[in-house]
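Colleague: One structure is given below, represented as structure tokens, and several questions about it will come after.
Numbering (my numbering), first residue to last: 881 to 962.
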């Protein structure tokens, strides 16, 4: 996991390599003021290689990671007092 770039209070871009760089994910977490809060937008793209089983797994990422991301965002909201 490597932080590629940050814009304070706006954005974090990162790069992840797993299994000797056979699985690669690039992501961005964007923060935008919205009313009295902050909208967090989390985007990821990746290359899981040519393995068809990994292609199937990639199609399920929202379902597999969604609850974990929601939990993490809820913990973040608790830490900042929302």
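All C-beta atoms in this analysis are idealised placements derived from N, C-alpha and C, irrespective of residue type, glycine included. Bear in mind that the values here come from a model prediction, so they are computed numbers and not experimental data.
Here's a check: name, in chain order, each residue in its chain whose Cβ is nearer than 6 angstroms to the Cβ of residue 891, leaving out the five neighbours to either side.
Modeller: Closer than 6 angstroms at the Cβ level, and outside the excluded window around residue 891, lie 910.
Colleague: Would you kindly report the start and end of the unbroken beta strand (DSSP E) that includes residue 915?
Modeller: Run containing residue 915: none; DSSP gives neither H nor E here.
Colleague: Between residue 924 and residue 907, which are expected to be in contact by the criterion C-beta below 8 angstroms, what is the C-beta distance as a whole number of angstroms?
Modeller: Yes, they are in contact, since the Cβ atoms of residue 924 and residue 907 sit about 4 angstroms apart, within 8 angstroms.
Colleague: Can you tell me which of the three DSSP states residue 895 falls into?
Modeller: The answer is strand: DSSP assigns residue 895 an E or B state.
Colleague: Taking only the alpha-carbon atoms, compute the straight-line gap between residue 914 and residue 957 and give it to the nearest angstrom.
Modeller: For residue 914 and residue 957, the distance between alpha carbons rounds to 14 angstroms.
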